[in-house]
Structure formats: structure tokens, C-alpha cells
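This report concerns only the one structure given below.
This is how it looks when you write it as C-alpha cells:
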């Protein structure tokens, strides 16, 4: 069995150890470059959790076990070497347990909001269907990993919706959202106007539109409001208001203008693109730049090569020969004849089994600056009678889960709008801690107590002195 | 033991002498102003610190034509029209000068000249756009950003609309100079009046006086300074009375003034260099006296080094390892501990000399690049505030860097011996290798332990033991590099030359983990330590050492 012995010697060799150590270093270094160029998720999926990283770690374990077997029977002087090597193996097992049985996600709360779902990094696609437009049921539920397995001619993602198919065409990890208001054929889509509102002090240009799902849509512009209606809206009589409905022909609309300063009086008329309406609100002129009787919002994503402040993962899907874009954590609505579908592309949501409500969120700042010095959330948790405070370095531990104060969102003036907790369950934690302890103890033994070990095994003293370097001879294990 | 008592005596004496030798501070207009407490960037500090930092930002130095910063910055408020015309705003980046169409080879420009520049708003708008797209700015936009900071700071300071000088009861922020009312306003005006009087009687080339007139000028000048002192005392007492609980601790204030004027780290590197030279000399001459003197100098430097860090910790109320500057000061302290212990145990002078040289080098770096290694005392990011594991993991990791840095220095020397004559210096090379081996072992144990402690901290604060954050990943890569070296040594692939070359090369990994992650990669959770610049110098430093190793390897091959 010479060949088996040779194979064993190879796996137990320090040559392999040095090769593995250097490979790990190189792979990790490449990973950090990817992280700097792209982002953490990208680097983790493509490098740190890649098959070749796992293969190298597997080789490391084999090497560590083989070299320990090779030294059998162990002697006292092997203490450090055994401890350190077992420690590495235990740490790796602990990491594996964490990866496959742990939860590492986040929960977002606005003040007063209740949530029971943890958003984890994995992605999923869920399609809901409804006949009456009210009661939706999930008809497809698929876990996807488009970053590693993007749609391609060889790997198709097809979801049958009745006689038609919804097909995922493209995935872009970095894409910027772009919305546009375009004319549509469907009668249920509401009207839209692009306008300019102008007087000596005000000059604004914007779109107003009625979403097809609602009978009317109110846009509050500050001094006045514009109501895009299907005819069902009743004037409030207290606001400056313009109520807009579709006109008799497709290129004009009807309007009614109410003034808070002159109750009971109505200005009626119809207008089309290019017209100017004198509103009578503080001399404001309403200029019609464009009118679309049936309009919808077209969302597209522009793919980018690198991440930026506004990039977001997005997919392009095709349904009945029409392309649609869906950004991560958003929903696409599809209406056909008698049915409605909701297509959700999102991070996977894990139900933790109990409700959490954010009662209050506070930011402490360094005196005289906007720099945050601390932040904390007060939450009520189903199953805990009193209000719980979660702050930096003071997490909440409950039912095997740990909730950490991770970050917050704030508006332009710096008042907080939402708190983000990171939620974590780590069954591998104690294995990793035990492994770490063994590694450190082992290394200390290895480097600093070897003399003790050498005396015990009665190594001839003169030998070390004659060799080129005493340390090299002594450390040999 | 007797010899060591000698060093100790010398060391203590030297430290005392340097402590007592406070730089000359005859009456000048800056002195009274220095001790006015102000609130700036989230911290209460003496006006001295604020003025030094502001003048440094605007002008690039802490004095202007021989005058100290407090005097200069205070006068921005009093005579803004004068300063608007003085060419003192530093625009070092030639690209920015070009973009603004500024002529000539000047580096300093008058604020007026810059404010009137038509292209100024354009490049600031460009900066905004750039920042929105990518928060990591290239050197040109960093320079634009600096110019914007310079002009904004100057503008708000001269209008008195920035600097908080008196607490407002029940509020976090302090009242600006312009917001002062009643007695406080009166007291501040008295400071300004006395300052103006002092300025009028100050010695200048314009009023060269003789005899009696000169004596009279001096008397009036001293009188004005005294008036300033009184007005400052009065103002400080009134400001304290506004909200005593939120005002400054006078002991911390004077500690900071002392720290600003004393510069302990400068004295400590000077003593290290002196010690290294003396030891080298004593070694060549075989003089025990010089050897003792060298030890005394090094010990004195070490005590000042310790004293400076204690002062910083006292002022900020935290261990001095929370930004790049502080670690570049802290690591050489660790090197000195290691080198001194090694010399003590093995009487190996070379190690102490190398240690002192490497430490002095590291300290000198902080003086050469104050923009990259920002020495200002800053408050902490929320995640870093008072946390036992945080402090422990950073202290442990940076001390491991000390081991690697020392091994790097020793490796360089060993390579030089290899280059000269391997046979002749066989004993020295052997001793160096032994010391390198120990220093690396020390580093490996602490880097492993520190990285693991970092994991425990991350688990404790974020619930993630290991997250492939670039800083921790590079710490791991450095650890793997040294482990490969030690394992190679185990089987005899790596001999004395290999150890020397390995110590020098593997230190590049430490530089990447220590500096490169923050300044080259610029990503990840450890971003609190980020700054800019110096990449070309650090890359050059690494490249030179790679070439050096390559050269020595080639020479040995050809021999």
C-alpha cells in the first residue's frame, strides 16, 4: 500500500499546509478588491463563499486532521500543536453551522409600526392571483439567486399564469430606477397632466395623474390641490381646488376651480395642451404643457456596471409580449381581462412568530453638531410585559433571537423616520468561541512553553546548539 | 542590576528636565486668548486648539509670519476687511488653481480674490454632483472640498457665526460670538478692545521707537495684555455661570493647553534618535558610559512617549487608539517595550537600536503628514463609544503590529548584513534572526487573539462574528502570511535569509491591513478611520522594500 501511504503523506505534509495558507490569503485579498469595487454581497457570493474557497477550506481540514493523525501517539510537547489545529477545525465547523442553521437579517420599523418578518439576504419571487381584485392568493413561490444564477437561454425562469407565461428575461445587480408617464390603451388607466404653476413667487413644473386603481387622486401642491377624478369626487368647498375629469374628446379635459377665498363660486371650463388657465389663487397661472387622457407610469431600470448611491437590483420580465421591470422589494401589478396578478420580487421574509412594535426612537448627538453620538429604540414585544430598550451594544435577546440596533433612516432635516434592527440567530456561536479559545491557547503553548515540553522528552541539549538555528530545531513537532 | 538603576536615574532626570522646559512664552497677544473654552466639532476645547486647527486648515501652518494662531484667528473677527485682502488661503493642488484660472506660481491667495472668482461656484457644484455619485473622492475633488471647507470656515469665523463660546442653559449647542447678549457680550467686547489696544502697541517694523518712547510702548503693551487677561477671566467666569454643569473642566483645559504647547512626541523621537546614535557610538568605541547614556536617552524618550499618550487619554477620556494618527503613535510605543525587554534579557544592542530607529521613523511620519495622520482630538463615532471589547481588540492588534514592525526593521538590517558579508556577520545575522523570529511569534499570537477579540466585539455589537469586512479580512491575510513564513521555517525552507526577506515582505500585508484598507480600498465597517492621501508615498515605501529584497536576493544568487 505504498501509494496510499504516499497520498496520506501528501495530505499530512507541511508543503500542502503552506500552499493552503497562501491560497486562503490570495483568495481573501481578491475578495477585498471585489468588495471595494462592487459591494459586500457581491464579494461574499462570488469569492468568500465560492466553490474554490470551500474547496481550499476543505483541503485545510483534511490537512489539519492528517497531520494530527500522523503525529499519533501524541506526546506532551504536542499540546500546543494539537490545541491550535483542533481549534481551527472547530471554528470552521462553527462557521458552517452558523451559515446553514443561523438567521442573519434585518427588520425595519417606522415609529408606531408593527413588524414580525425578518428580511434575510436570500431573494424570492412570489406571484399572487385574484379574480375579484380583492382577495389575492399566492400561486407561485420560488427562492431565487439571480446573482449567481442569472436568467439565460440555458437557465430559464418561467411562471405559468393561466394560459400565458411570465418569463424572467434579465437580472441586473446594479440598476437605477427611472419612471416615465406614457399614454396607454387601457380604459381603466386615469388621466394625466403635465403642468406649470406660475406667479411672481412660484414656478413649478410637475405631473399630476390618477392611478387607475382609485376613483380619484389628490395632489397637494401647498397653496392649492389638484384632484384628478373619474367624476365621482365631490368638492371639499374649503380648499383651493381644481377638479379635473376627462373631456368629451381625447385631446381636452374639463375642469372646475374652487377658491377658499370665494366659497360657492366655481370656474368651469375645458382646456387642452398649450392652454393657460387663470386660477384666481394668488394670481397663479396654470399652464397645460401636456395632456394624456389614459396614462400609466412606466418604470424602467437602467443597468449600471458599478454600485452607486441610487443603484438597486432589478429584473426584467416578459408577460404577453410586453416587458416590465421589477426592482428588488417591489411589486408589479398585471391586469388582464378578468384577472389581476401581483408579482413580488423581494428579499426572503422569515416569520419570527411574534410581533414587535417600535414605540419610540431617539438619537443623541454630539453637542452642537449633527453627528450622532448614540441611537436607541423603545419596542414592545409580544410576550414581554414591559417596554424594552434596544441601543448600540445593548441588544435584546428573546426566544433564541438577538435584536441589535443597527442603523436608522432620517429625513432632510435630520429627524429620524425609521429604525433598523439587525436580527440574528447563531447556533454556531459557542463552537466558534471554543475554537477561538483553543487556537489562542494552542499558539501560546506552541511559542512560549516549548522549553518545558523539550525538557520532558529529554531531548539532548547539545543538538540544538549545533544546528544553524536553535528555534527551528526546537519547534519541530 | 546596578547598571539598570543608573539608566533609571538618568531617564527620570531627563524626563523632568524636558517637562520643566516649557517653550518660551513671554507676554504675547495669543496667551490670554488660548484659554477661552469653545465648543467645536462636538467637543469643548481651548480656543488655542481651535485656532491652531483653523489656521492649519486655511494656511497650512500653525503660525502666520511668526504670529501664533490664536492671535491671527481672533483678528479675523475684528478686522475682516484687512484679512480679506491678505494672501493666506492655501491652494496647493495645481489642478484646482487651473480650474479657477488662478495665475502664477503662488500657493496662497486672498479670500477676496477667491470669493470673487467666477468659477468658484461652478467647481463647488461639480463637487456636490461628484459627492452624490460617489462619496469616495479623487485627489482633485478632495482638494476642492478642502478649499470649500477653508472658505466656509473663514467666512463663518469672521462673521462670528460659528464658534460656540458660552453654553446656553438647557441646550446642547453654545452661543456664537454674534449671539452673545448682556454681560457676556460686554465681557467679550472688553477682550476685543484690549486686543485692539495690544495690537496697536505691539512691536512692529512700522513703529520702531527709541529710548523713552520704546519703554512707554512696552508699558502700554504689557498693560493691554493684562487687560486682556482680566477680560478673559471675567468672560470665562460669566460663561461658566450660564450653565456650570456643561462648562469645561479647568484641569482638562489646562492639560490640553499643556499638550498643545509641549509636543511630547516630538521630544520622544528626538531622544530615540539620540539614544540610537549614542548606542551605536558607544558600541563602536566600547564605552559603557555612552551605553548607559544611550539607555537613559531612550528611557527618557519612552517616558515622554508614555506621558503624551496618557495626556491624550486624559483629555479625550478614552484610550489613544481610535484613529490612524493615534495608532501610528501607539505602535512605536509597543516596539520600544519589545526592544527594551529584548535588550534587557539578551543584551542585544542592535535590537534596541533598530527599535529606536523604527519608532522614531513612525513618530516622525506623524509630523510629516498632518493632513493624512490628523493629530486633532476628535469625539468618537457611536459604535466606538466606551466598549471594553473594542478597546481590547484594537490595543491587541496594534501591539501585534509592533512585533511585525520591529521584525521588519530587523529584517532590513539583516538583509544589509547579507549584502555586505554573510560569513563575517554570521553571528549578527543569527542573533537578528532569533529576535525576528520571536517578534513574529509575539505578533502572530496577538494578531490571532486580537482578530478573534474583534470577532467577539462584532458579535456583541452587530451579531456577526465574522463578516468579511475588509479590515478584518486583511488582518487575517497578514496573519496567514506570517503563518506561512513560520510553517516554512518549521521544515527548513526558510533559513536566515528567508526570515529576513519574509519579515520585510510580509510587513507589506500589515501595511495593507493598517493603512491600505482605509486609504486604498476605502470600504467597509471600519470606515471611521478614513482619511485621504499619502497613497503614493506608502506605495513607494513598499515598492522600495520589495526592490531591496529583490536586489539582495539577486546579489546572493550571483555570488
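Chains as they are written, first to last, in this note's numbering: chain A, 984 to 1460; chain B, -2 to 556.
Backbone N, C-alpha and C fix where the C-beta goes; we use that ideal spot for every residue, glycine too.
Given the structure is predicted, the values throughout are model-derived calculations rather than measurements.
Interface residues of chain A facing residue i [CB-CB closer than 7 Å]
i             : result
residue 470/B : 1011, 1014, 1015
residue 241/B : What residue 241/B touches in chain A: nothing, since even the nearest Cβ is about 15 Å away.
residue 129/B : 1292
residue 511/B : Under the 7 Å cutoff, chain A gives no residues; its nearest Cβ is about 14 Å from residue 511/B.
Beta-carbon contacts of residue i that lie in its chain and below 6 Å, excluding the five residues immediately before and after
i              : result
residue 69/B   : 52, 61
residue 1286/A : 1155, 1158
residue 412/B  : 497, 549
residue 1081/A : 1409, 1411
residue 396/B  : 331, 443
residue 1301/A : 1150, 1152
residue 370/B  : 321, 322, 325, 363
residue 349/B  : 336, 340
residue 140/B  : 90, 93
Classification of residue i by the beta-carbon crowding that lies within 10 angstroms, buried from 16 upward
i              : result
residue 1314/A : exposed
residue 1444/A : Unreliable positioning characterises residue 1444/A in this predicted model, as indicated by a pLDDT of 41, which lies under 50. The coordinate reading is nonetheless provided below. Answer is exposed; the Cβ neighbour count stays below 16.
residue 1400/A : exposed
residue 315/B  : buried
residue 1245/A : exposed
residue 1188/A : exposed
residue 1193/A : buried
residue 1292/A : exposed
residue 1385/A : buried
residue 1137/A : exposed
residue 1165/A : exposed
residue 89/B   : exposed
residue 1434/A : Because the pLDDT of residue 1434/A is 48, which lies under 50, any placement of that residue in the model is unreliable, and the question is left without a value.
residue 306/B  : buried
residue 28/B   : buried
residue 50/B   : buried
Neighbour list for residue i in chain A, Cβ cutoff strictly below 9 Å
i             : result
residue 347/B : Correct list: empty, because the minimum Cβ distance to chain A is about 17 Å.
Residues sharing a beta bridge with residue i, DSSP
i              : result
residue 1267/A : DSSP output for residue 1267/A lists no bridge partner at all.
residue 470/B  : Paired residue(s): none; residue 470/B is not in a bridge.
residue 1308/A : 1299/A
residue 1380/A : 1385/A
residue 1315/A : 1326/A
residue 1032/A : Residue 1032/A pairs with nothing; no bridge assigned.
Sequence-distant residues of the same chain with beta carbon closer than 7 Å to residue i, five excluded per side
i              : result
residue 1389/A : 1089, 1403, 1404, 1405
residue 537/B  : none
residue 1294/A : 1157, 1158, 1159, 1287
residue 1167/A : 1277, 1278, 1279
Own chain residues within Cβ distance below 8 Å of residue i, not counting five before or after
i              : result
residue 993/A  : 999
residue 1170/A : 1277
residue 1426/A : 1063, 1067
residue 249/B  : 311, 312
residue 1422/A : 1066, 1067, 1070, 1071, 1074
Chain D within 9 Å of residue i, Cβ atoms only
i              : result
residue 1158/A : No chain D is present in this structure, whose protein chains are A and B.
Interface partners of residue i on chain B, CB under 9 Å
i              : result
residue 1426/A : 438, 441, 442, 445, 446
Under 8 Å from the C-beta of residue i: neighbouring residues of chain A
i             : result
residue 484/B : 997, 1000, 1001, 1004
residue 518/B : 1015, 1016, 1018, 1019
Closer than 7 Å at the beta carbon, the chain B residues around residue i
i              : result
residue 1008/A : 474, 477, 478
residue 1394/A : Within chain B, no residue comes near residue 1394/A; the closest Cβ sits about 17 Å away, beyond 7 Å.
residue 1410/A : Within chain B, no residue comes near residue 1410/A; the closest Cβ sits about 12 Å away, beyond 7 Å.
8 Å Cβ cut-off: residues of chain B touching residue i
i              : result
residue 1422/A : 445, 449
Check whether the region 1322 to 1335 of chain A touches the region 1109 to 1119 of chain A, taking contact to mean three or more Cβ pairs, one atom from each stretch, closer than 8 Å.
The answer is yes - the region 1109 to 1119 of chain A touches the region 1322 to 1335 of chain A, with three or more Cβ pairs under 8 Å.
Can at least three beta-carbon pairs, one atom from the region 1125 to 1139 of chain A and one from the region 1371 to 1386 of chain A, be found at a separation below 8 Å?
Taking 8 Å as the limit for Cβ pairs, the verdict is that the region 1371 to 1386 of chain A does not touch the region 1125 to 1139 of chain A.
Taking three-plus beta-carbon pairs below 8 Å as touching, is the region 1072 to 1079 of chain A in contact with the region 1409 to 1423 of chain A?
A contact exists between the region 1072 to 1079 of chain A and the region 1409 to 1423 of chain A.
Can you find at least 3 beta carbon pairs, one from the region 139 to 158 of chain B and one from the region 77 to 88 of chain B, that sit closer than 8 Å?
Taking a cut-off of 8 Å on C-beta distances, the region 139 to 158 of chain B touches the region 77 to 88 of chain B, as three or more cross pairs fall below it.
Does the region 36 to 43 of chain B come close enough to the region 239 to 254 of chain B that 3 or more CB-CB pairs lie under 8 Å?
Taking 8 Å as the limit for Cβ pairs, the verdict is that the region 36 to 43 of chain B does touch the region 239 to 254 of chain B.
I'd like to know if the region 491 to 509 of chain B and the region 423 to 443 of chain B are in contact, where contact means that at least 3 CB-CB pairs between them fall below 8 Å.
Cβ pair count under 8 Å is three or more, so yes.
Can you confirm whether the region 183 to 192 of chain B touches the region 264 to 279 of chain B when touching is taken to mean that 3 or more C-beta pairs between the two stretches lie within less than 8 Å?
No: fewer than three Cβ pairs fall under 8 Å.
Stretch-stretch touch, CB-based, cutoff 8 Å, three pairs: the region 271 to 282 of chain B with the region 229 to 242 of chain B:
Touching, no, given that fewer than three Cβ pairs across the two stretches are closer than 8 Å.
Pairs of beta-carbons, one from the region 277 to 297 of chain B and one from the region 386 to 401 of chain B, closer than 8 Å: are there three or more?
In short, these stretches do not touch, since the Cβ pair count stays below three.
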